[in-house]
Every structure is written in C-alpha cells, then in structure tokens.
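To start, the structure itself, in structure tokens.
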C-alpha cells in the first residue's frame, strides 16, 4: 500500500486516556506529510531527469551506432578503393609491359629486316661493282680493238698513200 501526503494529513488516531498529545501528533503528521510531498516532488524531478538522461543515452547510442556503421562503411569503401586502385595499377603495368614487349618485338623485327636489307644492298653493291669492272674490262678490250683497228687502218692508209706516191701516174 502506497501512502500519500494526503493520507498522512487525513489520518485520525483513536484517543485514549494515556495517549499522545494530539497537537504534537498532528504537527508531526503535518511535517511528515510535507516531507513526503517534498520527497515525491524530488522523486518526480529525478524521474524526469532519468527519463531525459535515458533519452539522451538512447540518442547517443543511436549516434554511436550510426558513427560506427559509417566508420565501417568508410573503412570498407577505403579498402575497396585501395583494392581497385591496386588492380588498376597492376593492369596499367601489365598493359605497359605488353606494349613495351610489343615495341621491342617490332624493333627487333625491324632491326632484322634492316640488317637483311643492308646485307642485300651490300651484295647488290658488290655485284654492281663486279658488273662495272666487267663492263670496264669489256670497254677496255673494245677500245684496244678499236685502237688496233684504227692503227691498222691508219697504217694501211699510210701504206696506200705511200704506194700511191711511189707508183707513176698514168
């Protein structure tokens, strides 16, 4: 049973011969009622404070949960970004290595082709030199033949001329 200040104020005791002083009991009951009323008010204020603090605590717990969730999401996102950046960097490196390998291969093929072209041109040069030498030898022989024929023709003409001068004119 809960006793209220009003219950205390309205409490009536039986009067007996050797009982307590009625005024003293009434004063005590009045003080007791005021004390209980004050305690009830303090208790109500404390309950309101407790409710307010419990609401704040619940709000702080929700905020903490939100921050914790946000932190976990941010960490997860950062990890994803880091993994993606790492993968992308690896892909860029592999692509660069492939392109470099392809360029090196092309350069080697081109070098081999150039070396082959140079070798072929050197052979053609030697062949042309040999042909020019053969042509020069042939022209030299032709000139020698021409020169001999010219000398022979000149000698024959001189001889004819000499014969013509030595033979009497008829």
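Residue numbers (the numbering used here): 887 to 1056. Cβ atoms here follow ideal geometry from the backbone N, Cα and C, with glycine treated the same way.
Residue environment, residue i, which counts as buried when at least 16 other CB atoms sit within 10 Å
i: residue 919; result: buried
Presumed contact (8 Å Cβ cut-off) between residue i and residue j, rounded CB distance
i: residue 915; j: residue 895; result: 7 Å
i: residue 891; j: residue 922; result: 5 Å
Own chain, CB closer than 8 Å to residue i, minus 5 neighbours either side, in chain order
i: residue 901; result: 908
i: residue 1046; result: none
Nearest neighbour of residue i, chosen from the options [CA to CA]
i: residue 897; options: 978, 934, 911 and 938; result: 911
Own chain residues within Cβ distance below 7 Å of residue i, not counting five before or after
i: residue 905; result: none
i: residue 1015; result: none
Proximal residues to residue i (C-beta, below 6 Å), its chain only, five neighbours per side dropped
i: residue 950; result: none
Cβ-heavy atom distance, residue i to the ligand MG, below 7 Å
i: residue 1042; result: Only the bare structure without any ligand can be found here, which leaves the ligand MG out of the picture.
Check: Which ranges would you report for the beta strand (DSSP E) in the stretch 1011-1041 if only whole runs of at least 3 residues count?
Finding: Listed in chain order, the beta strand (DSSP E) elements of length 3 or more contained wholly in the stretch 1011-1041 amount to none.
Item checked: Entirely enclosed alpha helix (DSSP H) segments - the stretch 938-1002, minimum 4 residues -> Counting whole runs of 4 or more residues, the stretch 938-1002 contains no alpha helix (DSSP H) stretch at all.
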